[in-house]
Amino acid sequence: MLLPRASPLARGREVPLAALAGLDLVAAPRATAPGWHDHLLAVCRRQGWRPARVRPARNPEFLFGLVLAGGAAAVEPATFARREPRIAWRPIADTPVVKRTSAAWPHRSAHPAAPMVGQLAAEVLAAAEPTPLAPPSAAGARPWPVLFDTTG
0 MLLPRASPLA RGREVPLAAL AGLDLVAAPR ATAPGWHDHL LAVCRRQGWR
50 PARVRPARNP EFLFGLVLAG GAAAVEPATF ARREPRIAWR PIADTPVVKR
100 TSAAWPHRSA HPAAPMVGQL AAEVLAAAEP TPLAPPSAAG ARPWPVLFDT
150 TG
C-alpha cells in the first residue's frame, strides 16, 4: 500500500485492508486494465475495505498527488515509494494482492502484431538456457561510486 508517510497507518509494519475504511482508492483507470481493476476491488471488499471512491490516476505523479492530499491510498509495488520520500509503502496484511501480466489478445480483432509477438515468445521460451554474461575483464574504476559499493 502507498500511504502518506505522516499517516498513522504508515507507522505499522503491515496494513490490513479493513483499516483503510473511509479512504479512497487511487488506481489506474479501469479502461486500462478492467480485469485487474475488478479483481482489486473484489479483494478489497472481501477484506473489509469498501473504498469511498475510486480515483483514477494515469501516471505516478498524479497518483502521488492524490495520496499525499490525504484521504486516499494506492495499491502499488514498493518501487513506487522509492520515487517520492513523502510516500511510505507497507505490505498488505494477511492477503497480499498479486498482479499478473500476460500477453493475450482476443481471437476476434486481434492486434496486427499479435502473431509476431506470439512467435517471438514461443522461440524465446523454447530456446536453451541463455549463455551467461562474461565477467568484466578488468577491475577498473566504476562510474558513480555512490551507486556501486566497491568495498564488498
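Residue numbering for the sequence shown is 0 to 151, as defined by numbering that gives the first Met the number 0.
Think of the CB as a built atom: it goes at the ideal place given N, C-alpha and C, for glycine as much as any other residue.
Being a predicted model, the structure only gives us computed values, none of them experimental.
Handout entry: Segment limits, beta strand (DSSP E) that includes Met2
Key = For the purposes of this step, residue 2 is taken as residue 3 along the sequence shown, with counting starting at 1. Here the sequence assigns Leu to residue 2, which means Met is not the residue at that position. Segment 1-3, the beta strand (DSSP E) holding Leu2.
Problem - Which residues DSSP lists as bridging Arg54, in chain order - result: If you number the sequence shown from 1, residue 54 lands on position 55. Answer by DSSP bridge pairing, in chain order: Val25.
Exercise for the section: Using 10 angstroms around the beta-carbon of Asp93, count the other beta-carbons present and answer buried if the total reaches 16, otherwise exposed. Expected result: Numbered from its first residue, the sequence shown carries residue 93 at position 94. Classification for Asp93: exposed.
Exercise for the section: With a 10 Å radius around its C-beta and 16 neighbouring C-beta atoms as the bar for buried, classify Met115 as buried or exposed. Expected result: As a position in the sequence shown, residue 115 is number 116, starting the count at 1. Exposed is the call here.
Exercise for the section: Please go through the segment 39-126 and give each complete beta strand (DSSP E) segment of 3 or more residues, from N-terminal end onward. Expected result: Whole beta strand (DSSP E) segments, 3+ residues: 53-55, 71-73, 86-88.
Exercise for the section: Examine the Cβ distances between the segment 39-46 and the segment 59-66 and report whether three or more of them are shorter than 8 Å. Expected result: Result no; under three Cβ-Cβ pairs closer than 8 Å.
Handout entry: Between the CA atoms of Leu119 and Arg54 - distance to the nearest angstrom
Key = To locate residue 54, count along the sequence shown from 1; it is residue 55. To locate residue 119, count along the sequence shown from 1; it is residue 120. The alpha-carbon atoms of Arg54 and Leu119 are separated by roughly 37 Å.
Practice task
Using a threshold of 8 Å, state whether the C-beta atoms of Val74 and Ala32 are closer than that.
Solution key: The residue given as residue 74 occupies position 75 in the sequence shown. The residue given as residue 32 occupies position 33 in the sequence shown. No, the Cβ-Cβ distance between Val74 and Ala32 is not below 8 Å.
Handout entry: Member of Ala72, Gly21, Ala17, Pro28 whose CA lies at the smallest distance from the CA of Leu1
Key = What you label residue 1 is simply residue 2 of the sequence shown in a count that begins at 1. The shortest C-alpha separation from Leu1 is found at Ala72.
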